[in-house]
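A.B. asks:
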Amino acid sequence: MSWTRNVLRVNLTNGSISKESLNMKWANDYLGQRGLATKYLVEEIDPKCDALSPDNVMIMTTGPLTGTSASTAGRYSVVTKSPLTGTIACSNSGGYLGNEMKNAGWDMVIFEGKSPKPVYLYIENEKAELLPADELWGKSVWEVDELLHTNHQDPLLRIAAIGRAAESGCLYAAIVNDLHRAAGRSGVGTVMASKNLKAVAIRGTLGVGNLDNPEAFFKAAEDGKKILADNAVTGEGLPALGTQVLMNIMNEMGGLPTRNHREVQFEGAGKISGEAMLEPRPGDGRANLTTNGACFGCTIACQRISTVDKTHFSVKDKTKYHGNSGGLEYENAWSFGADCGVDDLDAITYVNFLCNEDAVDPISLGVTIAAAMELFEEGAITVKETGGMELKFGSAEALVWAVEVTVKGEGFGKELGLGSKRLCEKYGRPELSMTVKGQEFPAYDPRSLQGIGLAYATSNRGACHLRGYTVASEVLGIPVKTDPLETEGKPELVKAFQDASAVVDSAGICAFSTFAWTMEDIAPQIDAACEGDWSAERCLEVGERIWTMERDFNLAAGLTGKDDTLPKRLIKDMAASSGPAKGKVNELDKMLPQYYEIRGWTEDGVPTDETRSRLGL
Ligand code: SF4
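Everything in the sequence shown is counted per the working numbering, starting at 3 for the first residue and increasing by one.
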């Protein structure tokens, strides 16, 4: 079981709060977290609704393993309709909030409607109340965190909040919990702001119980931890270098998108890599990386805790940003670094702090700035729009300025806050937007990794590496090595990774565990925690059901198979200019029809009646 079986429903329009029972039939069919909350969402909203209207619903949700002693099991997700893409949105975060929600006795919190005034939700075990947030509105996440800890006189309160970016309409605003863990993608923070909900603060002391077979569970969890400890990636690479272990690897294989995907290798990669974060810097002689850290219950500990050099030009407040905070992960180091052509480690660390402080998705922001830099260099944007700033590739000053104005929603930052697609359309160059379904690309080039191109094109929330991380196979050889330049077998590989991602995100564990765990390692932990038989096969069948349900939501929202595509730059106009993929574009047209066929979808990308019936949809 491992469920509290309690759902908290909060109607923000009239302020009513009620308790209801978790639908255990749905928990059986959709496992939890991503899958289960999506099932609730599709039953409760019109997929065509305006994502920023009171008609949208936002669900904060845990999985059956969240809060248990399984490694990495501190996760929660935010499920809603995305204002950035118009698709389903599901953003996953670590830290301690998910565990606290479970310990307070709630599996899920459903927010409906829109509050007439700014409020925050305070939960202390079974007590839940909406409190005024007038003094919090207009403040950053870090300021909200400090104020709520002080006001409630409780240092153990776990807080998730939105910052100024969400309030000013940035379409890719995040929700940040525990100061630097984020439900980052697809604009879930923007939806929260549209509901006048500034924060959720939780204190839970009830404990997590109800494991179906405690003895079997503790054995499965211990076996899982041993596998993580013995694995080179989860036992050594991630604790030492974090996901930044990938910067030099991706650059060497020619898969590091550079200057808005004009190139695939960055001459400054070494200066912004995980290895560089360990080096003493010239200014103050300290290393960028202070230590590593871990989310609740995690035995991998990939988090980076970093400092910025106090003498660096970007640090205007000499005390505020010198403190330890969430440091660079590969995606952020890439989006602000290689994709903007910037090799200044302190500048990109500083702007990453700003993203934590005001809750913005650093992937979307960095990629949008990269597009703006190309628009500037092409003359489509001028100093007239930027107020005098020369928005050129490679300029750390321009990067810092662009992030500062966006997180505060000031001037040209308002336009950057609309994302790459809308920005490039506005300035008449839509082809310069590196997005799928309106969401900005992560840090792997589809010309150099054929599989990840198909995964981006077919991802249910727009371009995303976490919805089908074929990089594991195409680069790291996990679970088997495949040739990144080869298209054969990639449709099967993408489907397998996508279905597995749906299981992992629904269980309450971290995606990084799958560098070491296969479904054969995960299923026994779910099986011992939950009622019924959860074999690896059943888990993957549930994963496919979840994926197809998300697809159906998107189709009902108005998307079609035509949205399963990549920018022309990557499939036709601009072949990779160096490295092993030199001369290659992504061959999506070869892979997509096979992918649809394997999924049991029509040639237009619609699940057939037979497929829906097979999956019980
Ligand atoms: S692997 Fe990293 S992100 Fe995942 S739970 Fe552990 S510390 Fe958090």
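The C-beta atom is built at its ideal place from N, Cα and C for all residues, glycine as well.
Can the beta-carbon of N354 be found closer than 7 Å to that of L330?
C.D. replies: Yes.
A.B. asks: List the DSSP bridge partners of N8.
C.D. replies: Answer is S23.
A.B. asks: If we count the other Cβ atoms within 10 Å of its Cβ and call it buried at 16 or more, is L280 buried or exposed?
C.D. replies: Classification of L280: exposed, given that the 10 Å Cβ count is below 16.
A.B. asks: Taking L347 as the reference, give the member of C426, V402, V369 and L240 with the closest Cα.
C.D. replies: It is V402 whose Cα lies nearest to the Cα of L347.
A.B. asks: Write down every uninterrupted run of the beta strand (DSSP E) in the stretch 289-314 whose length is 3 residues or greater and which is fully enclosed by it, in chain order.
C.D. replies: Segments of the beta strand (DSSP E) lying fully in the stretch 289-314: 291-295 and 305-308.
A.B. asks: Whole angstroms is fine: what's the gap from E145's alpha carbon to D345's?
C.D. replies: Cα to Cα, E145 sits roughly 30 Å from D345.
A.B. asks: From the DSSP output, in three-state form, read off F113 for me.
C.D. replies: Strand at F113.
A.B. asks: Pull the bridge partners of C92 from the DSSP assignment, please.
C.D. replies: Looking at the DSSP assignment, C92 forms a beta bridge with V81.
A.B. asks: Compute every distance between the C-beta of I524 and the non-hydrogen atoms of the ligand NAD, then say whether any falls below 6 Å.
C.D. replies: Absence of the ligand NAD is noted for the structure shown, with the ligand SF4 being the only ligands found.
A.B. asks: Is A242 near the ligand SF4, in the sense that its beta carbon is under 6 Å from a heavy atom of that ligand?
C.D. replies: Not under cutoff, so the answer is no.
A.B. asks: Apart from the five residues just before and just after H151, which ones in its own chain have a Cβ nearer than 7 Å to its Cβ?
C.D. replies: Here the set comprises P157 and L159.
A.B. asks: DSSP three-state label for T260, please.
C.D. replies: Looking at T260 - three-state DSSP - the assignment turns out to be strand.
A.B. asks: Using three-state DSSP, classify W139 as helix, strand or coil.
C.D. replies: Here W139 sits in coil by DSSP.
A.B. asks: Can you check whether the C-beta of T40 is within less than 7 Å of a C-beta belonging to chain D?
C.D. replies: Here there is only one protein chain, and chain D is not present.
A.B. asks: Taking the alpha carbon of V477 as the point to measure from, which residue in E490, S503 and Y446 has its own alpha carbon closest?
C.D. replies: For the residues E490, S503 and Y446, the minimum Cα distance to V477 belongs to Y446.
A.B. asks: What span of residues does the beta strand (DSSP E) with P134 cover, start to end?
C.D. replies: Unbroken beta strand (DSSP E) run through P134: K129 to P134.
A.B. asks: Just to be sure I understand the criterion: a residue counts if its Cβ is closer than 6 Å to at least one heavy atom of the ligand SF4. Which residues meet that?
C.D. replies: The answer, residue by residue, is T74, G96, A296, C297, C300, I302, A303, C304, Q305, C512 and F514.
A.B. asks: Do L568 and G470 have their beta-carbon atoms positioned less than 7 Å apart in this structure?
C.D. replies: No, Cβ-Cβ distance for G470 and L568 is not below 7 Å.
A.B. asks: Within the stretch 217-254, note down every full alpha helix (DSSP H) run reaching 4 residues or more, in order along the chain.
C.D. replies: List check, alpha helix (DSSP H) in window: 240-243 and 248-254.
A.B. asks: For S4 and D214, which I take to be in contact (beta-carbon distance under 8 Å), what is that distance rounded to the nearest angstrom?
C.D. replies: The pair is a contact, with the Cβ atoms about 7 Å apart (cut-off 8 Å).
A.B. asks: Look at Y458 and V438 and say whether their C-beta atoms are less than 7 Å apart.
C.D. replies: Yes; because the gap between Cβ atoms is below 7 Å, this pair is in contact.
A.B. asks: How far does the alpha helix (DSSP H) with N179 in it reach, from first residue to last?
C.D. replies: No alpha helix (DSSP H) holds N179; the beta strand (DSSP E) holding it covers I177 to N179.
A.B. asks: Go to T64, then tell me how far its beta strand (DSSP E) extends in each direction, as first and last residue.
C.D. replies: Per DSSP, T64 belongs to the beta strand (DSSP E) from M60 to T64.
A.B. asks: Closer than 7 Å by C-beta to N588: which residues in its own chain qualify, once you throw out the five before and the five after it? Chain order, please.
C.D. replies: So the qualifying residues of the chain are P448, R449, Q452, G455, L568, L572 and I573.
A.B. asks: Can you tell me whether S196 is buried or exposed? The criterion is at least 16 other CB atoms within 10 Å of its CB, across all chains shown.
C.D. replies: Buried, because 16 or more other Cβ atoms sit within 10 Å of the Cβ of S196.
A.B. asks: Report yes if the CB atom of S95 is closer than 7 Å to the CB atom of L230, and no otherwise.
C.D. replies: Cβ atoms of S95 and L230: not closer than 7 Å.
A.B. asks: Looking at S316 and A349, is the spacing between their C-beta atoms short of 7 Å?
C.D. replies: Cβ atoms of A349 and S316: closer than 7 Å.
A.B. asks: Quick one: is N290 buried, meaning 16 or more other Cβ sit within 10 Å of its Cβ, or exposed?
C.D. replies: Buried, because 16 or more other Cβ atoms sit within 10 Å of the Cβ of N290.
A.B. asks: Do the CB positions of A398 and R431 come within less than 7 Å of each other?
C.D. replies: In this structure, R431 does not lie closer than 7 Å to A398 by Cβ.
A.B. asks: Taking the continuous alpha helix (DSSP H) assigned at G474, which residues delimit it?
C.D. replies: Here residue 474 turns out to be Ala, not Gly, going by the sequence shown. Segment V473 to E476, the alpha helix (DSSP H) holding A474.
A.B. asks: Would you grab the beta carbon distance between V409 and G165 for me? Rounded to a whole angstrom, and I think it's under 8 Å.
C.D. replies: Rounded, the Cβ-Cβ distance is 7 Å, consistent with contact.
A.B. asks: Would you call T370 buried or exposed, if buried means 16 or more other Cβ atoms sit within 10 Å of its Cβ?
C.D. replies: The residue is buried, with at least 16 neighbouring Cβ atoms inside 10 Å.
A.B. asks: When DSSP labels each residue in this structure, what does T437 get in the three-state scheme?
C.D. replies: Note: T437 maps to strand in three-state DSSP.
A.B. asks: By Cβ distance below 7 Å, which residues in the same chain neighbour F414 in space, the five residues on each side in sequence not counted?
C.D. replies: If we look at F414 and ignore the five residues flanking it on each side, its Cβ neighbours are E387, T388, G389 and V407.
A.B. asks: Could you check how far apart the C-beta atoms of C172 and G411 are, in whole angstroms? I think they sit under 8 Å.
C.D. replies: Confirmed, Cβ separation roughly 6 Å.
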